[in-house]
């Protein structure tokens, strides 16, 4: 079932707590030391150690490992598990509509996109610097794939990410404004390390919607990174926002120190469909 976009942080925290509960492990043998270790791991919240200490102890005994090496193996197991859980949690909170990875992007079919530039965007350095990213191109040229893939890489690097479409964000802000919760929603978005804003410019916004969106960009300016995917060149953004001065102010905040990737006009998704239609039957 689709999760509501207005799901509160408290709901998310409760959901994460439930998902962090470790699965039931295999029955322990009758060794009282194992029982005590199991109980201590539960109290200290060390789920990976609790699940694997018997296995690791057996391996250490077989390989004649030192006490220090055994302890190191236990700690590294717990750290690796925590990193994985953190990645999974950040990916859930990002709310990507579908899984997309940069490793699966076909650069050969879109020569407009430079692999070296995309590879640099996998590093969280530009996000920590609060720099924007703008992806411009026609439908089917890989903008959303790149947006989600870059967001996924940043989330896996340990930073908070949120994906949404422009229309969904404006609707959420308008609803919050009507319910007198606008300041808290804007504050929540101002804390996200990377905001991935898809379908920017697909719909024309009224003045109120444009002003609400402007507040998001203003709160995040030069502090938090925003990535925008749009099918409209900069010269046509005034059609989206209606107000020329407001459009200029938004464009100024999105483009200052930004990385610009132009994905072109040739839809490789359409070309792939055409190729499949005319492929000779076996």
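Numbering (my numbering), first residue to last: 3 to 284.
A virtual CB, placed ideally from N, CA and C, is assigned to each residue, including glycine.
Small disclaimer: the values here were computed from a predicted structure and weren't measured.
What is the rounded straight-line gap between the Cα of residue 124 and the Cα of residue 36? 43 Å
If we ignore side chains and look at the alpha-carbon of each, how far apart do residue 96 and residue 34 end up? 43 Å
Leaving aside the five residues before and after residue 83 along the sequence, list all residues of the same chain whose C-beta is less than 8 Å from its C-beta, in chain order. 49 and 50
Cross-strand partners of residue 263 (DSSP beta bridge): 137
Quick check: the Cα distance between residue 188 and residue 41, rounded to an integer number of angstroms? 43 Å
Classify residue 69 as buried or exposed, calling it buried when 16 or more other Cβ atoms lie within 10 Å of its own Cβ. exposed
Please confirm if the region 97-109 is in contact with the region 61-81, defined as three or more CB-CB distances below 8 Å between the two stretches. no
According to DSSP, is residue 227 part of a helix, a strand, or is it coil? strand
C-alpha gap between residue 112 and residue 269, whole angstroms: 9 Å
Integer-rounded CB distance, given that residue 132 should sit under 8 Å from residue 227: 6 Å
Give the straight-line distance between the Cα atoms of residue 184 and residue 170, rounded to the nearest whole angstrom. 15 Å
Among 126, 136 and 235, which one has its Cα closest to the Cα of residue 261? 136
Put residue 183 into one of helix, strand or coil per three-state DSSP. coil
Looking only at C-alpha atoms, which of 238, 241, 239 and 186 sits nearest to residue 217? 186
Could you give the DSSP three-state label for residue 268: helix, strand or coil? coil
How would you write the range of the alpha helix (DSSP H) that residue 76 sits in, first residue to last? 69-96
Over the uninterrupted beta strand (DSSP E) stretch that includes residue 163, give me the two end residues. 163-167
Please determine if the region 188-202 and the region 219-233 are in contact, where contact requires at least 3 C-beta pairs separated by less than 8 Å. yes
Only counting the same chain, and skipping five residues up and downstream in sequence, which positions put a Cβ closer than 8 Å to that of residue 245? 209 and 212
Using only alpha-carbon positions, find the residue among 164, 88 and 225 that is nearest to residue 134. 225
Can you list, in chain order, the residues of its chain with a C-beta nearer than 8 Å to that of residue 248? Leave out the 5 residues immediately preceding and following it. 209, 212, 213 and 216
Whole angstroms is fine: what's the gap from residue 116's alpha carbon to residue 156's? 19 Å
Measure the CB-CB distance between residue 219 and residue 259 and report whether it falls below 8 Å. no
May I have the straight-line CA-CA distance separating residue 77 from residue 85, to the nearest angstrom? 12 Å
Taking C-alpha atoms, which residue in 159, 168 and 175 lies nearest to residue 203? 168
Over the uninterrupted beta strand (DSSP E) stretch that includes residue 109, give me the two end residues. Per DSSP, residue 109 belongs to no beta strand (DSSP E) and is neither H nor E.
In angstroms, rounded to a whole number, what distance separates the CA positions of residue 90 and residue 266? 33 Å
Cutoff 6 Å; reference residue 238; Cβ partners in own chain excluding five residues on either side: none
Exposed or buried, residue 163, counting other C-beta atoms within 10 Å across all chains shown (16 or more means buried)? buried
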